[in-house]
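Position 251 of the sequence shown, counted from 1, bears residue number 251 in UniProt numbering, the numbering being contiguous throughout. The C-beta atom is built at its ideal place from N, Cα and C for all residues, glycine as well. Quick notes on the structure that follows.
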Amino acid sequence: MREPMRSLRLPLSLVVGAVSLSLTLSGGPAWSEPPSPSSAGAASGAVGAPEIQAAVRALVNDRSLRDAQVGVSVIDVETGAVLAQSGEHTALNPASNAKLYTAAAALAILRGSHRYQTTLNGTIKNGAVAELVLRGHGDPSLRSRDLWMMAEELKAHGVRRVESLVVDQRFFDEQTTPPAFEQQPNEWASFRAPVSAVALNENTVTLTIRPTETGQPATASFDPPGFVDVDGTVKTAEAGADTVGLELAPAAGKRLTAKLSGAVGGDSKFVRYTRRVDDPQLLAGYALKAIFEEMGVKVGGDPKLATSVTSKGTVLVRHESEPLSTLLYALGKSSDNFYAEMIFKSLASEGKTRPGKSQDAAEFVTKWLEKNQLLDTGIVVKNGSGLFDANRTTAYGMTRLLKFAWQDPAVQSEYLAQLSIGGVDGTLHKRFRETRAHRAIRAKTGTLDDAIALSGYVLGPPGKHTIAFSVMFNKVSGKGSAARAAADKLAHLIYERQWKQAD
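This is the structure we're talking about:
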């Protein structure tokens, strides 16, 4: 469903002279010969590229993928010269290659220096705050430790009591399920977490089990604190045991009850289980209340959601995220769906259409693509992560996006930095090991049950231009490994062509 799957212990320019072709291998391979390179292409060493053209022909004729739909585009990003292409205008599900659009739009619109703010607002009087408002602006990276630091700073101002704790989620609308995520409503893994303006720990809860003495109950704790009531126990058993059972169910006040059962081996230091929450709107509020009470600050009543009449007060504590350019590493390298959907939705809110809606963000990104002449027939933007069956793009559109990002000085370096480096890090750390010395392959992977994609750059040595490529497969259920191998083979051939004389 998502790549890479998070650790989970429990049962998404014009091509002059080009021919647009839709490729379905079961009907016979379709191949479009690229146009003759321009003089600019000749200067870059792009003339011919027979090895790449032959590799694309082999890829689209691969009989192990005979029923697949395939789109391929390979271009010189500095001149736009087309080196090879096939099915380049076929609209396909890009899986997590959709994050390439989210990252590019975010850098172009918000800029890499953008930081998301989370604040505590109110008025301090005689060591108390009558109404303390926790207000968020879509920070995908807020963690429990950040709430601890904010609470400690407020306490340092002399606050010893909070009469009422309010969570202000109004920067986003009340729809916490991103588009297409409803296709698997019973999936509780962390990769399908909901989004919210105030989000904590990626809107998940993590159970940590630590064994004690054999036959005795193990210790169990949840992070964030204060949101989950525990029912039942996990016993400490002999070495090697791991039969922990965890069932989550709604409790009063939009919290959760966890039913624990089973056993953990006495030889384990600890084991962790992470699940998404169903309704995240008060998650951070309950966590902040628990944190306050642990440090001796009393909180009256349960947290509640802000309304339009909630008083603003003044900003008492402000937390800022890392810059957007850093947050995007979660998209390009880790393929984090939660970060992608939060940043995607924030594009609408930061564009002043508040509360931010995913649908508005989709329209915003689509208009941005149109403005920059990056649309192709059939491109559809619905969500920011590419999870499930939502988006459509083409190999042509993808390489044009990569060319645009490369040629924009305000985007290029930060866009390139967030991509996985072949053989080095991210979702490519086990692939392209033989290329890691040059760190030349920078790309984004895409993996769904029925879709495999790989798009990115092959950086050139001195004297050679950078090449952008996009390979997308649909209808490959059960054949994902073969599709992935075919995409890797093409990327590696481009690398060898660029670097064969550099060593």
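Within the segment 328–406, not a single complete beta strand (DSSP E) segment reaches 3 residues in length. The way I'd put it, the segment 298–317 doesn't touch the segment 377–385; fewer than three beta-carbon pairs between them come closer than 8 Å.
When only Cα atoms are considered, Q53 and V424 end up about 28 Å apart. Exposed is the label assigned to M295, since fewer than 16 other Cβ atoms lie within 10 Å of its Cβ.
Inter-residue distance for T445 and G332 is about 8 Å (C-alpha atoms, whole angstroms). Note that the segment 343–350 does not touch the segment 61–76; fewer than 3 beta-carbon pairs, one per stretch, sit closer than 8 Å. DSSP assignment within the segment 143–218 yields the following whole alpha helix (DSSP H) runs of 4 residues or more, N-terminal first: 144–156. A distance below 6 Å between beta-carbons, with the five flanking residues on each side excluded, links S358 to the following residues of its chain, in chain order: P178, P179 and K345.
H157 sits exposed, since fewer than 16 C-beta atoms from the chains shown fall within 10 Å of its C-beta. Leaving aside the five residues that flank F432 on each side, the residues in its chain whose CB is nearer than 8 Å to its CB run, in chain order, G422, G423, I441, D488, A491, H492 and Y495. Judged by DSSP in its simplified three-state form, R439 adopts coil rather than helix or strand. Uninterrupted beta strand (DSSP E) stretches at least 3 residues long and entirely within the segment 270–314 occur at 271–276, given in chain order. Collapsing the DSSP output to three states places K254 in a helix. Residue range P50 to V60 is occupied by the alpha helix (DSSP H) that includes V56.
Boundaries of the alpha helix (DSSP H) harbouring A98: A98 to I109, taken from the DSSP string. Short of 7 Å from the beta carbon of V167, and not among the five residues preceding or following it, lie these beta carbons of its own chain, in chain order: L134, V198, Q281, L282, A284, G285, P303, L305 and A306. Beta bridge pairing from DSSP links E247 with K259. With three or more CB-CB distances shorter than 8 Å, the segment 365–380 counts as touching the segment 388–404. A residue is called buried when at least 16 other Cβ atoms come within 10 angstroms of its Cβ; P225 meets this threshold and is buried. A distance below 8 Å between beta-carbons, with the five flanking residues on each side excluded, links T466 to the following residues of its chain, in chain order: D76, V77, E78, W406, Y457, V458, L459 and G460. Per DSSP, reduced to three states, the secondary structure at G71 is strand.
For A483, the enclosing alpha helix (DSSP H) starts and ends at G480 to W499. Close CB contacts of A239 within its chain, under the 8 Å cut and outside five residues either way in sequence, are with G265, G266 and D267 (chain order). Below 8 Å, enough C-beta pairs join the segment 205–214 and the segment 231–251 to call them touching: three or more. DSSP, read as helix, strand or coil, puts R433 in helix. Pairwise C-beta distances place the segment 183–196 out of contact with the segment 143–158, as fewer than three of them are shorter than 8 Å. Taking all protein chains in view, the Cβ of P194 is crowded by 16 or more other Cβ atoms within 10 Å, so the residue is classified as buried.
Contact annotation: F171 and G356 have beta-carbon atoms nearer than 8 Å.
In this structure P409 is exposed. Its beta-carbon is surrounded by fewer than 16 other beta-carbon atoms within 10 angstroms. Under the three-state reduction of DSSP output, R63 falls in the helix class. Contact between I291 and V244 does not hold, since the beta-carbon distance rounds to 26 Å and is not under 8 Å. With respect to the 8 Å criterion, A218 and A241 are not classified as neighbours on the basis of their beta carbons.
Cα atoms of A106 and A251: separation of roughly 37 Å, rounded to the nearest angstrom. Spatial neighbours of V271 in its own chain (CB-CB distance under 8 Å, excluding positions within 5 residues in sequence) are listed in chain order as R9, T208, I209, D242, V244 and V264.
A straight-line Cα-Cα distance of about 36 Å links K367 and T314. Taking Y116 as the centre and dropping the five residues before and after it, the same chain places the C-beta of H137, G138, D139 and S321 closer than 6 Å to its C-beta, in chain order.
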